[in-house]
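Under my numbering, the letters of the sequence shown match residues 8 to 194, in that order.
Cβ atoms here follow ideal geometry from the backbone N, Cα and C, with glycine treated the same way.
Nothing here was measured: the structure is a model prediction, and the numbers come from that model.
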Amino acid sequence: MKVLLSFSALIDGVNARVGNSVRWLILAMVVICTATAIMRYLFSVGSNAWLEIQWYLFAAVFLLGAGDTLRRNEHIRIDVIAQRLSRRTQAWIDIVGTVLFLAPLAVIIIVLSWPMVMASLAQGELSSDAGGLLRWPVKLLIPVGFGLLLLQGLSELIKKAAFLTGRIPDPAETAPPGLDPKAGGVL
Numbered sequence: 008m009k010v011l012l013s014f015s016a017l018i019d020g021v022n023a024r025v026g027n028s029v030r031w032l033i034l035a036m037v038v039i040c041t042a043t044a045i046m047r048y049l050f051s052v053g054s055n056a057w058l059e060i061q062w063y064l065f066a067a068v069f070l071l072g073a074g075d076t077l078r079r080n081e082h083i084r085i086d087v088i089a090q091r092l093s094r095r096t097q098a099w100i101d102i103v104g105t106v107l108f109l110a111p112l113a114v115i116i117i118v119l120s121w122p123m124v125m126a127s128l129a130q131g132e133l134s135s136d137a138g139g140l141l142r143w144p145v146k147l148l149i150p151v152g153f154g155l156l157l158l159q160g161l162s163e164l165i166k167k168a169a170f171l172t173g174r175i176p177d178p179a180e181t182a183p184p185g186l187d188p189k190a191g192g193v194l
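#1: Return the bridge partner residues of Leu141 from the DSSP annotation.
#2: For a quick check, are the C-beta atoms of Gly160 and Leu77 less than 9 angstroms apart?
#3: Taking its Cβ as the centre, do 16 or more other Cβ atoms sit within 10 Å of Ala129, making it buried, or is it exposed?
#4: If the criterion is Cβ atoms closer than 9 angstroms, does the pair Gly152 and Ala56 meet it?
#5: Look at Asn27 and Leu158 and say whether their C-beta atoms are less than 9 angstroms apart.
#6: Using the rule of at least 16 other Cβ atoms within 10 Å of the residue's Cβ for burial, across every protein chain shown, is Val124 buried or exposed?
#7: Are the CB atoms of Ile149 and Ile117 within a distance shorter than 9 angstroms?
#8: Rank Ile83, Ala35, Phe170, Leu119 by C-alpha distance to the C-alpha of Lys146 and give the top, closest one.
#9: Measuring straight from C-alpha to C-alpha, what distance separates Thr41 and Gly139?
#10: What first and last residue would you give for the alpha helix (DSSP H) that runs through Gln90?
#11: Using the Cβ count rule (16 or more neighbours within 10 Å means buried), how would you classify Leu194?
#12: Measuring straight from C-alpha to C-alpha, what distance separates Ser15 and Gly173?
#13: Determine the DSSP secondary structure at Pro111, reduced to helix, strand or coil.
#14: Using alpha carbons as the reference points, say which of Ala179, Ser51, Leu12, Asp19 lies closest to Gln97.
#15: Taking all protein chains shown into account, do 16 or more other C-beta atoms lie within 10 angstroms of the C-beta of Asp19, making it buried, or fewer, making it exposed?
#16: Between which two residues does the alpha helix (DSSP H) holding Glu81 run?
#17: Taking the alpha-carbon positions, what's the Leu186 to Gly53 distance?
#18: Under the three-state reduction of DSSP, which class applies to Met46: helix, strand or coil?
Here is the structure:
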């Protein structure tokens, strides 16, 4: 179990670093969006590439940030019901949800999106809009993002199993900074 918990900590660290990096993309989106609007409305200069980069950054924020969001326990859940359950019951619900829903869905999306990414890369696929960007980088975000989410799901499974077997304290009690584990949400 120590090896698995070390692997879980490694996954948590990777997703934390990715999540912290992705947060900066939000600032980049705001700057690019503002600059694009100023250029278009004040100087009548537009660029499809700048419009598309906004969408690419938006996709990156959500796809690459999903694993860190799971690590921080900030995905949507029905807290009104969950808070009434014991921590052990919540852990079992998380395990079942991860095994039956998160993992299969992530694997399916990774498997189905990979050929699309490879075809786009092989063809050098470009946007259909004049002056648009290459398509494969944004398509690559799909399997990478779901890969990070799948890995974080595995990390959460390891931590929940260790908690249920008494090997570690409740992971919710040792939540990442910024979370109030007793209230089940962000401080």
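In terms of the structure at hand:
#1: According to DSSP, which records beta bridges pairwise, Leu141 is partnered with Leu133.
#2: The Cβ-Cβ distance between Gly160 and Leu77 falls below 9 angstroms.
#3: The residue in question, Ala129, is exposed, as its Cβ has fewer than 16 Cβ neighbours within 10 Å.
#4: No Cβ-Cβ contact shorter than 9 angstroms links Gly152 with Ala56.
#5: The answer is no: Cβ separation not under 9 angstroms.
#6: When all chains shown are included, Val124 counts as buried.
#7: Contact flag set, yes.
#8: Lys146 has its Cα closest to that of Leu119, out of Ile83, Ala35, Phe170, Leu119.
#9: In a straight line, the C-alpha of Thr41 is about 19 angstroms away from that of Gly139.
#10: Taken as a continuous stretch (DSSP letters only), Gln90 belongs to no alpha helix (DSSP H), as it is neither H nor E.
#11: Low local confidence applies: a pLDDT of 39 at Leu194 is under 50, so the model's placement there is unreliable, and no value is given.
#12: About 16 angstroms.
#13: It is helical.
#14: Comparing Cα positions, the closest option is Ala179.
#15: Buried.
#16: For Glu81, no alpha helix (DSSP H) run applies, since DSSP gives it neither H nor E.
#17: With a pLDDT of 49 at Leu186, under the threshold of 50, the modelled position of that residue is not reliable, and the figure given next carries that caveat. CA-to-CA, the gap between Leu186 and Gly53 works out to about 42 angstroms.
#18: Reduced to three states, the DSSP call for Met46 is helix.
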